[in-house]
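Single-structure report; data block below.
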Amino acid sequence: MVAWMNFVLNYFPGELIFYIALFVVIVTVGAIVNIAWPGDRPPRYLDKFRKEAKKKEEKKKEPKIKKEKKRLEKAKTEEEVEEEKEPETIEEPKEIEEVGELKEKLEPEKQTKEKELKEEENEISDKPSASLEDEDKNTAEE
Amino acid sequence: MGAFPNILKGIIYMGVYITTTMVVPFLTFTWIKEVQLLGVSIVLEQLEYNRIVFWISAFGLLISACAFFNYSSPKQSIRKGTFALIQILLNCLYIWSYKFSGATEVKFEIVFEITNVGFITIDVQNMVMLYMGIYFLTIVLKGYDLVDFVINRDKIRQKRYKIIEGDDIL
Chain A
56 MVAWMNFVLN
66 YFPGELIFYI
76 ALFVVIVTVG
86 AIVNIAWPGD
96 RPPRYLDKFR
106 KEAKKKEEKK
116 KEPKIKKEKK
126 RLEKAKTEEE
136 VEEEKEPETI
146 EEPKEIEEVG
156 ELKEKLEPEK
166 QTKEKELKEE
176 ENEISDKPSA
186 SLEDEDKNTA
196 EE
Chain B
11 MGAFPNILKG
21 IIYMGVYITT
31 TMVVPFLTFT
41 WIKEVQLLGV
51 SIVLEQLEYN
61 RIVFWISAFG
71 LLISACAFFN
81 YSSPKQSIRK
91 GTFALIQILL
101 NCLYIWSYKF
111 SGATEVKFEI
121 VFEITNVGFI
131 TIDVQNMVML
141 YMGIYFLTIV
151 LKGYDLVDFV
161 INRDKIRQKR
171 YKIIEGDDIL
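Protein chains in written order, with my numbering: chain A, 56 to 197; chain B, 11 to 180.
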């Protein structure tokens, strides 16, 4: 504890002017340093690093925000589409009703047509047999 | 604290240290240089007196300058820790300067009407050694503080600036 002091004191100059000058220098430097960096706000040279860090954080956050926005937009568009579709589904019964009415209207016509067709078929089916009989008769007469 | 309060605090502490390390010892040694007790003058040797005053002034100036730097720095800053440690080391040297300059063994001449009657010596070496022990513990403490400030630099800064930002918001 004592040895180092004896060693150090050998190198201390013996002129008072040196100590006065050192006093002035330390006080001046202390004043300048503490005015420049009082410690109540981050030092200016750190602002660059801070800004860069903020930008990086924002960049990291941006994709997430974009994704969320896209999701919201998608959700909105889907909702809009659903809202648009909903009136169509309401209209559908009308069409069905119209179709049903038309069917009802057309059904007797269809039935009549079917009947006519059946009759025609029957007629056609009867005719060949008659014609064949006639031909047989003709051949026999000859 | 802002810049001006910091500087003011530094100046106040510098004044305190100038008073305690320079003015009071200087006045004391000047006073005891020529003391008269019951008409008997007790004279301090001139050579010793000059040496003591020189070293008191030298280390007193350095200690006061470091005290200004130390107390004007923001709390828990590295520069505060550094200068606090330097100040304690200079205090050790200052106390030790009492010893090697001869102030711990002050020798007085008892002079009675021209004739030299005898000598009185005051030995305060043990007191100085006691102080050195206290200062040694303080050096350890300040060293620990400095290491703590360096290691936890980011945490201290974050805490300090967050508090200030909070104040601004309020």
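Even for Gly, the Cβ is constructed at its ideal location relative to N, Cα and C.
On a predicted model such as this, the values are computed, not experimentally measured, just so you know.
Label B:Thr38 either buried or exposed according to how many other C-beta atoms from any shown protein chain fall within 10 Å of its C-beta, with 16 as the threshold for buried.
exposed
Expected contact under 8 Å - CB spacing of B:Tyr23 and B:Ile73 to nearest Å:
That pair is no contact at about 11 Å.
Does B:Leu156 get closer than 8 Å to chain A when you measure Cβ to Cβ?
no
By the 10 Å Cβ neighbour count, where 16 or more other Cβ atoms means buried, how is B:Asn60 classified, buried or exposed?
exposed
How close, in whole Å, do the beta carbons of B:Tyr16 and B:Pro84 come, if the pair is a contact with beta carbons under 8 Å?
First, the residue type needs correcting, since residue 16 of chain B is Asn and not Tyr in the sequence shown. Right, their Cβ atoms sit about 7 Å apart.
Compare the Cα-Cα distances from B:Thr30 to each of B:Tyr145, B:Thr40, B:Ile98 and B:Gly70 and report the closest residue.
B:Gly70
Who are the neighbours of B:Phe79 on chain A, taking C-beta pairs under 7 Å?
Ile81 and Gly85
Nearest-angstrom Cα separation, counted from B:Phe93 out to B:Ser87
10 Å
Please give the ranges of any alpha helix (DSSP H) in the stretch 58 to 146 of chain A, keeping only runs that are unbroken, at least 4 residues long and fully inside the region.
58 to 64 and 71 to 91
Measure the alpha-carbon distance for B:Tyr154 versus A:Lys121 and round it to whole angstroms.
49 Å
Where does the unbroken alpha helix (DSSP H) through B:Gly20 begin, and where does it stop?
Ala13 to Ile28
According to the neighbour-count rule (16 or more other Cβ atoms, all chains shown, within 10 Å of its Cβ), is A:Asn65 buried or exposed?
exposed
Which term fits B:Met137, buried or exposed, when burial requires 16 or more other beta carbons within 10 angstroms of its beta carbon?
exposed
Using a C-beta to C-beta distance shorter than 7 Å, which residues of chain A count as neighbours of B:Pro84?
Pro93 and Gly94
Starting from B:Lys152, trace the alpha helix (DSSP H) in both directions and tell me its first and last residue.
Gln135 to Ile161
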